[in-house]
Amino acid sequence: MTSPSPKLSLFLPVYNEEENLPRLNAKIFEAMAALGQTFEIIYVDDGSRDRSLELLEQFATADSRVKVIAFRRNYGQTAAMAAGIHAAQGEILIPMDADLQNDPADIKRLLDKLDEGFDVVSGWRKDRQDAFLSRTLPSRLANALISRIGGVPLHDYGCSLKAYRREVLKDVNLYGEMHRFIPIYAAWAGGRVTEIPVTHHARTAGVSKYGISRTIKVVFDLVTIKFMASYLTKPIYLFGGAGMISFVISLLAAAMAFLMKFADWPKHADFIQTPLPVVAMVLFALGVQFFLMGLIAEIVVRTYHESQGKPIYAVKARYNF
Ligand code: UDP
Ligand code: MG
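Pasting the structure below:
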């Protein structure tokens, strides 16, 4: 019963999208027919409480290229994306939203761009149809920040519609809101990343599942990512550095307190008359903590790499093996 792998794997997280699904499915098939490539469509039902799953089952019965993964409960869009990536058999992986805000007709342009020699083509909702203050503006700021910290300049990390060559997704593990950072992982692994503007429609049915709080989560994820990128194999450098700074300031504060008490320089002050001894003690304790945390992080990192057989490098090719 194993069919040959398709060229394209589309995957779509679905959470309470019953009103959008019929038209969405039809539009995808239309776009695929125009492309003339082999394909599969993987719908990941993220614990919908409406009739979404029922509709998806109907699509799957009608056409064996439609595959459905149904979660037991709502795990969130990132988990649904991860399931899609995991299940995808195709050479090119294309995530998309299931609310018709992305347009399946754009897939052709993404593929054309991939053919120019890229590994990731990111969609950019240049003319985004979402509320300005609560969505578009914070997203712009977040994108600028992500571009800067991640070192991969893209206008729209949040746009779901992207196209990836299978290889660049092989080693990514997704947590939190991190599906949006896949282009960064890909670039770090040596992939070529670019973007093109894509159409964005206003939501005409169903409701958005997000508000401003997501931007904050994204910023936290970004801190994690940056840490993983810079210090994952050497956390003691970061924690040790912070520890050293604490120790130095602690020593300076202690020295100052002694000078004031015993040398009356620049003026006399007993230990209880200045905050310096407290500062010295707190920073000393903090410095010790930083070092210990660094050592624990070193142990955790070794467990992370070794328990999963994760190498600390990514190989592009091997010859004559
Ligand atoms: N989604 C999901 N699980 C969730 C929230 C959202 O699978 O917990 C899906 C949702 O059905 C849609 C996509 O993720 O296909 C994007 O969600 P939404 O349209 O609400 O986000 P927005 O476009 O407003 O950023
Ligand atoms: Mg949407």
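Its first residue numbered 2, the sequence shown is counted upward by one per residue in my numbering. The beta carbon of each residue, even a glycine, is placed where N, CA and C say it ideally should be.
For residue i, which residues from the same chain have a beta carbon less than 8 Å from its beta carbon, with the 5 sequence-adjacent residues on both sides left out?
| i | result |
| --- | --- |
| lysine 109 | Ala32, Ala35 and Leu36 |
| arginine 66 | Pro7, Phe40, Glu41 and Ile42 |
| proline 139 | Ile213 and Thr216 |
Per DSSP, which one or two residues make a beta bridge with residue i?
| i | result |
| --- | --- |
| lysine 262 | In the DSSP output, where bridge partners are listed per residue, lysine 262 has none listed. |
| glycine 124 | Ile197 |
| leucine 13 | Tyr44 |
| lysine 163 | Ser123 |
Taking 8 Å as the line, does the beta carbon of residue i fall inside it for any heavy atom of the ligand UDP?
| i | result |
| --- | --- |
| aspartate 104 | no |
| leucine 11 | no |
| lysine 210 | yes |
| asparagine 174 | no |
| tyrosine 305 | no |
| asparagine 75 | yes |
| glutamate 18 | yes |
Using the three-state DSSP reduction, which class does residue i fall into: helix, strand or coil?
| i | result |
| --- | --- |
| glutamate 196 | strand |
| lysine 171 | coil |
| glycine 242 | helix |
| glycine 151 | helix |
| asparagine 321 | coil |
| aspartate 46 | strand |
| isoleucine 95 | strand |
| lysine 227 | helix |
| lysine 268 | coil |
| isoleucine 70 | strand |
| asparagine 144 | helix |
| glutamine 90 | coil |
| serine 308 | helix |
| glycine 295 | helix |
| proline 7 | coil |
| arginine 129 | coil |
| glutamine 290 | helix |
| glycine 85 | helix |
Is any heavy atom in the ligand MG found nearer than 8 Å to the beta carbon of residue i?
| i | result |
| --- | --- |
| aspartate 107 | no |
| arginine 204 | yes |
| aspartate 113 | no |
| aspartate 98 | yes |
Cα separation between residue i and residue j?
| i | j | result |
| --- | --- | --- |
| alanine 89 | isoleucine 183 | 16 Å |
| serine 49 | asparagine 321 | 49 Å |
| glycine 151 | methionine 229 | 11 Å |
| serine 308 | threonine 225 | 20 Å |
| leucine 134 | glycine 192 | 34 Å |
| glutamine 38 | glycine 91 | 11 Å |
| alanine 61 | isoleucine 43 | 10 Å |
| arginine 181 | phenylalanine 272 | 53 Å |
| glutamate 299 | tyrosine 165 | 33 Å |
| methionine 261 | glutamine 290 | 28 Å |
| arginine 74 | leucine 223 | 26 Å |
| lysine 235 | arginine 126 | 37 Å |
Residues in its own chain within less than 7 Å of residue i by CB, not counting five upstream and five downstream?
| i | result |
| --- | --- |
| valine 280 | Ala254 |
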